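Chemist:
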Amino acid sequence: MYDAPLISPENKDSSAEIFASLPKVVLSADVVAGHSVSEAVKNVLDTLQSNNVIYAELRLNPADFADSLSDASLADALQQATSAIHGHAVDARIILTAQSDAAHVAEIADAAIDHDDVAGFALVGDNIDAHAGVLKKLQDNFVPFVIDGGFDDIEAGVKAGATRVAVGVDIIDDFSATVEGIEPGQLTSWIRDRHIAVETNPDEDIAHGNVDSLADHPLPLLQQLGFTCAVGTTALTQQFVSLNEALGYGLEEFFELTVAAMQNSFSTQEHRQHLIETVILPAYEELSDAEFAEDAAAREAEEAEEADDE
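Here the sequence shown stands for residues 2 to 311, where the numbers follow our numbering.
(1) DSSP on D217, reduced to helix/strand/coil?
(2) Do the region 260 to 270 and the region 42 to 53 touch if we need at least three Cβ pairs shorter than 8 Å?
(3) As an exercise, report each continuous beta strand (DSSP E) stretch of at least 3 residues that is fully enclosed by the region 110 to 198, in chain order.
(4) For I1, count the other beta carbons within 10 Å of its own beta carbon; 16 or more makes it buried, fewer makes it exposed. Which is it?
(5) Between which residues of its own chain and S1 is the CB-CB distance below 8 Å, once the five residues before and five after are set aside?
(6) In its own chain, which residues sit with a C-beta less than 7 Å from the C-beta of D175, not counting the 5 before and 5 after it?
(7) Sort S289, R165, V212, S266 by Cα distance to A25 and report the nearest one.
(8) Restricting to Cα atoms, I'd like to know which of A113, G169, K138, L223 is closest to E254.
(9) Since I86 is in the alpha helix (DSSP H), which residue starts that stretch and which ends it?
(10) Quick check on this structure: which residue in E246, V125, A110, L23 has the alpha carbon closest to the alpha carbon of N142?
(11) Determine the extent of the alpha helix (DSSP H) in which A21 is found, giving its start and end residues.
(12) Quick one, which of L215, R193, T98 has its alpha-carbon nearest I148's?
(13) Can you give the Cα-Cα distance for T201 and D77, rounded to whole angstroms?
(14) Kindly indicate which three-state DSSP category A93 falls into: helix, strand or coil?
(15) Within a Cβ cutoff of 7 Å, which residues of the same chain sit near V135, ignoring the five residues on either side of it in sequence?
(16) Mapping the DSSP letters down to three states, classify E295 as helix, strand or coil.
(17) Report the residue from T235, S22, L288 whose alpha carbon sits nearest the alpha carbon of K43.
(18) Should G126 and G162 be called a contact, given that it needs their Cβ atoms to be closer than 9 Å?
(19) Comparing C-alpha positions only, which one of V91, I95, S22 sits nearest to P63?
(20) DSSP puts Y56 in a beta bridge; with which residues?
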């Protein structure tokens, strides 16, 4: 666990320029078809770089780039993607992706198992149960996977061993109101208590009509209830600005989201720790005030001593 640096008072009301300069982590950057794989990967990496993204996981669905998917076209897509990543400044990994209602889900999952350049697998859509055998094979081969679907599909994915879940606003359908407050249900309690990362995309939820405004989005509630949350979108600077303007999110909240995303990436523990300690923490520490932090620590010590005396 990493504590957010105590932000200097003059940086509390940060500007869009400061948000743009923050190091960012994206766990679900879609590689959009319309070009060759290498060109499509480069396009998304360029966008990520313009958002100061230091680590990204690219969702690549090989079926989007081939009229007929075969072992050869799979291998070619991976080779093009890998070459584009290796030649770019953004530190990125490939997440092979399949639509649950499409053919070749098993073949794409097998490619995720067989290729060392692939960090994980994402299954998107409904009827996740139909691919239980595929998910078991991934788990048996120690390939992490994310489930991106509706609430019922998230349940099937979690039972199958999903490492992360990408959910819409309907996750709160499992919550209930009691005299003590909002309580997660059985499934969402399991997700929270085992720190299964929840990927959200608030601006996209608004664009798709899933929620009227950011004020109605469940992200703040999820964080308040102790869920491990990450915000996933290619245009992450704009998402930070939106969260700041609508919900009052500031540097402390963005630090928490960024560290959570990095810690729940499909990279190695050593690499995650390296980026947090050498890139993310120093960037936020530059916005902190050492004297302010010392004064705050002294006040906390005095309050603790007074409490002991009582």
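Heads up, the beta-carbon is just placed ideally off N, CA and C, and yes, glycines get one too. It should be emphasised that the depicted structure is a prediction, and the values quoted were computed from it without experimental measurement.
Modeler: With the structure as the only source:
(1) Taking the first residue of the sequence shown as 1, we reach residue 217 at position 216. DSSP places D217 in helix when its eight states are reduced to three.
(2) No, they do not touch.
(3) 119 to 125, 146 to 149, 165 to 167, 177 to 179, 182 to 184
(4) This structure cannot speak to residue 1, because the chain is shown only from 2 to 311.
(5) The question about residue 1 has no answer here: the residues shown for the chain are numbered 2 through 311.
(6) Here residue 175 corresponds to residue number 174 of the sequence shown, with the count starting at 1. Closer than 7 Å at Cβ, skipping near neighbours: F152, P185, G186, L188, T189.
(7) Residue 25 sits at position 24 when you count from the first residue of the sequence shown. Sequence check: residue 25 is Lys here, not Ala. Among S289, R165, V212, S266, the Cα nearest to that of K25 belongs to S266.
(8) Position 253 of the sequence shown, counted from the start, is the residue given in the question as residue 254. Residue L223 is the option with its Cα nearest to E254.
(9) Residue mapping note: residue 86 aligns to position 85 of the sequence shown, counting from 1. Taken as a continuous stretch (DSSP letters only), the alpha helix (DSSP H) holding I86 covers 72 to 87.
(10) Counting from one through the sequence shown, the residue named residue 142 turns up at place 141. Considering only E246, V125, A110, L23, the residue with the shortest C-alpha distance to N142 is A110.
(11) Locating residue 21 in the sequence shown gives position 20, where the first residue counts as 1. 17 to 22 is the span of the alpha helix (DSSP H), which, as asked, contains A21.
(12) The residue you call residue 148 lines up with position 147 of the sequence shown. The residue with the shortest Cα to Cα distance from I148 is T98.
(13) Indexing the sequence shown from 1 puts residue 201 at position 200. Indexing the sequence shown from 1 puts residue 77 at position 76. Rounded to whole angstroms, T201 to D77 spans 31 Å at the Cα level.
(14) Taking the sequence shown and counting its residues from 1, one reaches residue 93 at position 92. The answer is strand: DSSP assigns A93 an E or B state.
(15) Taking the sequence shown and counting its residues from 1, one reaches residue 135 at position 134. Closer than 7 Å at Cβ, skipping near neighbours: V106, A107, A110.
(16) For the purposes of this step, residue 295 is identified with residue 294 of the sequence shown, where counting begins at 1. Low confidence applies here, because E295 scores a pLDDT of 49, under 50, leaving its location unreliable; read the following figure in that light. Of the three classes helix, strand and coil, the one that applies to E295 here is helix, per DSSP.
(17) Reading the sequence shown from its first residue, position 42 is the one you call residue 43. Ranking the options by Cα distance to K43, first place goes to T235.
(18) Residue mapping note: residue 126 aligns to position 125 of the sequence shown, counting from 1. Residue mapping note: residue 162 aligns to position 161 of the sequence shown, counting from 1. Cβ distance not < 9 Å, so G126 and G162 don't count as in contact.
(19) The sequence position of residue 63 within the sequence shown is 62, counting from 1. Nearest option by C-alpha distance: I95.
(20) The residue given as residue 56 occupies position 55 in the sequence shown. As DSSP reads the structure, Y56 sits in a beta bridge with V26, D92.
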